[in-house]
Amino acid sequence: MTIPLRIERLTKRFNGFTAVNAVSLEVHPGEVFALLGPNGAGKTTTIRMVMGILIPDEGEVQIFGQPPREARERVGYLPEARGLYRNVRVLELLTYLGRLKGLSPEEAQERSMAWLTRFDLSAWAEHQIHELSHGMQQKVQLAAALLSEPPLVILDEPFQGLDPVNIQLVKGLIRELRERGQAILLSSHQLHHVEALADRVALIDHGRIVEQGNLADLRQQYAQGDIAIRLAPGAQLPEHIPGVARVTTTPEGWRLFPQPGVAPSEILKALLSADVPIESFERTLPTLEDIFLQAVEAAHTEEAHHAVA
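Position 18 (the sequence shown) corresponds to 90 in my numbering; numbering is contiguous.
Spelled out as structure tokens, the structure:
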């Protein structure tokens with residue numbers, strides 16, 4: 073099976089500044105691949121090279137085995153810089169964009185109305201774009217990206233400017249696209265929105281990927297050994313717990329930080345010996361933000377080591 077998106081050592085420079093540095097990744101059918109990092113990290117520049125908007129200085133992009141410009145009809149693209157014709161009616165614009173993707177006039181209009189209905193925008197079909205709120209316009213642009221049911225969907229900052237209700241709507245839509253077998257590449261600096269969506273991630277900092285892999289595997293890899301514990305109602309932890317260096321409170325209970333070399337099983341045994349009524353005791357897995365910060369720190373340490381060497 074041809075891979076929907078393959079990027080090999082993609083590099084882009086602007087006036088001597090390296091904005092993207094040897095980025096490589098693949099996006100497979102039926103998965104959400106998240107390209108994550110702070111603003112200015114190189115996410116949008118990478119995506120613009122994928123779309124053929126920018127020409128890379130080095131490296132290669134293949135979309136279903138073809139150069140980007142030859143595979144555009146197979147890609148649905150939501151750009152970071154949203155841009156719609158402001159003085160055109162909503163349904164007219166979507167139908168026109170559907171025609172550009174190869175749909176018949178009837179099919180383009182039918183699908184456009186279906187998406188407007190889904191996004192609760194059917195009452196705005198005959199209104200001009202400039203009459204819509206920012207969030208409404210963003211949903212129209214998302215509908216435009218999905219009209220042709222593209223096998224590869226690229227979403228650059230899809231949660232930008234959306235309220236909590238519409239963020240959940242977009243998250244549900246992304247899950248649905250994955251279930252249909254479509255390949256999804258999304259970029260975001262809002263790591264918390266991607267936690268429950270991404271199958272695989274690439275963490276980018278200053279144009280370079282500092283970590284990449286299956287999210288579940290990365291959580292295990294970067295786990296620090298912290299323990300989340302919840303006790304029976306009204307119970308309290310002992311003032312001193314053998315093997316525990318530090319304790320913090322959480323909304324659900326407590327977080328225990330073991331001393332170096334102390335296994336969680338040893339701490340559990342000590343608590344049970346003290347008749348502490350434990351309801352749950354589990355290893356704490358890091359968030360995406362935790363992983364990103366650790367990966368960036370490790371990358372900077374490695375760079376400093378090479379510089380000294």
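Note that CB positions come from ideal geometry on N, CA and C, so glycine has one too. Quantities reported herein were computed from a predicted structural model and do not represent experimental measurements.
Bridge partners - residue i, DSSP secondary structure assignment
i              : result
glutamate 311  : Answer by DSSP bridge pairing: none, since glutamate 311 is not bridged.
isoleucine 256 : Val104 and Val225
leucine 77     : Val99 and Ile135
asparagine 111 : In the DSSP output, where bridge partners are listed per residue, asparagine 111 has none listed.
alanine 274    : Leu107 and Gln284
lysine 84      : Val92
Close beta carbons around residue i, own chain, < 7 Å, minus the five adjacent residues each side
i             : result
glutamine 134 : Arg78
leucine 287   : Ala270, Asp271, Arg272 and Val273
Buried or exposed by the 16-neighbour rule on C-beta atoms within 10 Å, applied to residue i
i             : result
lysine 211    : buried
glutamine 308 : exposed
serine 337    : exposed
alanine 270   : buried
histidine 206 : exposed
threonine 321 : exposed
Short Cβ contact (8 Å threshold) for residue i with residue j
i              : j              : result
arginine 250   : alanine 295    : no
arginine 158   : glutamine 200  : yes
threonine 116  : leucine 82     : no
isoleucine 299 : isoleucine 350 : no
alanine 255    : glutamate 103  : yes
leucine 218    : tryptophan 187 : yes
serine 96      : lysine 173     : no
arginine 85    : alanine 91     : yes
alanine 274    : proline 314    : no
alanine 13     : arginine 190   : Because the chain is modelled from 73 through 381, residue 13 falls outside the range shown and cannot be assessed.
leucine 163    : glutamine 213  : no
Same chain, Cβ closer than 6 Å to residue i, neighbours up to 5 away in sequence not counted
i                 : result
valine 242        : Pro230
glutamate 132     : Glu80
glutamate 460     : Residue coverage of the chain in this structure runs from 73 to 381, which leaves residue 460 outside it and unanswerable.
phenylalanine 353 : Ile301 and Leu340
Beta-carbon separation (whole angstroms), residue i vs residue j, contact threshold 8 Å
i             : j            : result
arginine 146  : glycine 124  : No, arginine 146 and glycine 124 are not in contact; Cβ-Cβ is about 13 Å, not under 8 Å.
proline 358   : arginine 272 : Their Cβ separation, rounded to whole angstroms, is 16 Å, which puts proline 358 and arginine 272 out of contact at 8 Å.
aspartate 289 : glycine 109  : No, aspartate 289 and glycine 109 are not in contact; Cβ-Cβ is about 19 Å, not under 8 Å.
proline 101   : glycine 253  : 5 Å
leucine 258   : alanine 106  : 5 Å
leucine 224   : proline 76   : 4 Å
Distance cut-off 7 Å: residue i Cβ against heavy atoms of the ligand ADP
i            : result
tyrosine 168 : Ligands in the displayed structure: none, and consequently the ligand ADP is not present.
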